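Mapped onto UniProt numbering, the consecutive letters of the sequence shown carry residue numbers 1 to 112. Notes to accompany the following structure.
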Amino acid sequence: MQEIQWNDFTKVELRVGKVIQAEVFEKARKPAYILHVDFGDEIGVKKSSAQITKHYQTEDLIGKLVVAVINFPKKQIGPIQSECLVTGFHDENGDVALCVPDLDVPLGTKLL
1 MQEIQWNDFT KVELRVGKVI QAEVFEKARK PAYILHVDFG DEIGVKKSSA
51 QITKHYQTED LIGKLVVAVI NFPKKQIGPI QSECLVTGFH DENGDVALCV
101 PDLDVPLGTK LL
């Protein structure tokens with residue numbers, strides 16, 4: 001494992017957002033959803049592609065709080081531009097489980 005300096009970590013903007021729309025990403029090479037995540041008034045809504053289809057259905061994602069990196073450059077993924085990286089962990093089968101806060105926190109709150 002590579003060590004990083006505290007200043008490296010402080011550059012990463014990990015923020016809480018709420019999924020307000022989720023749809024099947026039909027043109028993705030691997031099964032994925034397109035998520036629209038609301039980070040509050042200051043940051044707004046950002047779009048992300050997420051390969052989380054094994055554990056989640058689109059209708060179950062609406063209203064779910066997620067943790068995402070919001071300060072990566074936009075990334076072209078097929079026909080969409082991903083504007084944030086929704087975080088998660090691989091389970092024992094390699095499928096992604098979302099990283100989520102266990103209590104309600106204000107949208108846009110930065111991970112400390």
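C-beta atoms are modelled at their ideal positions from N, C-alpha and C, and glycine is treated no differently. Keep in mind that this is a model prediction, so the values were computed, not measured.
Unbroken alpha helix (DSSP H) run spanning residue i, endpoints
{"i": "Leu61", "result": "58-61"}
Residue nearest to residue i in terms of C-alpha spacing, selected from the options
{"i": "Glu74", "options": "Tyr33, Arg29, Lys64, Leu85", "result": "Sequence check: residue 74 is Lys here, not Glu. Answer by Cα proximity: Leu85."}
{"i": "Lys27", "options": "Ile77, Phe89, Leu111", "result": "Ile77"}
{"i": "Ile20", "options": "Met1, Val66, Gln5, Thr10", "result": "Val66"}
{"i": "Phe72", "options": "Val12, Met1, Leu103", "result": "Val12"}
{"i": "Gly63", "options": "Glu42, His36, Glu83", "result": "His36"}
{"i": "Ile70", "options": "Met1, Asp102, Phe9, Leu14", "result": "Leu14"}
Delimiting residues of the beta strand (DSSP E) encompassing residue i
{"i": "Phe9", "result": "Not the beta strand (DSSP E): Phe9 falls in the alpha helix (DSSP H), residues 6-10."}
{"i": "Ala68", "result": "65-69"}
Own chain partners of residue i with C-beta closer than 7 Å, once the 5 adjacent residues on each side are dropped
{"i": "Pro79", "result": "Lys27"}
{"i": "Ile23", "result": "Sequence check: residue 23 is Glu here, not Ile. If we look at Glu23 and ignore the five residues flanking it on each side, its Cβ neighbours are Tyr33, Ile34, Thr58."}
{"i": "Asp38", "result": "Gly17, Lys18, Ile20, Val45, Leu107"}
Classification of residue i by the beta-carbon crowding that lies within 10 angstroms, buried from 16 upward
{"i": "Glu3", "result": "exposed"}
{"i": "Val100", "result": "exposed"}
{"i": "Lys18", "result": "buried"}
{"i": "Phe9", "result": "exposed"}
Cβ shell of residue i (< 6 Å), same chain only, five flanking positions each side left out
{"i": "Lys30", "result": "Gln51"}
Residues of its chain near residue i, where Cβ-Cβ distance is below 8 Å and the 5 sequence neighbours each way are ignored
{"i": "Val96", "result": "Ala50, Gln51, Ile52, Lys54, His55, Gly88, Phe89, His90"}
{"i": "Pro106", "result": "Val16, Gly40"}
{"i": "Glu92", "result": "none"}
Any chain B beta carbon closer than 8 Å to residue i
{"i": "Ala28", "result": "The question asks about chain B, but that chain is absent: this structure has only one protein chain."}
Next item on the list: Please go through the UniProt domain "TRNA-binding" (8-112) and give each complete alpha helix (DSSP H) segment of 4 or more residues, from N-terminal end onward.
Entry: 58-61
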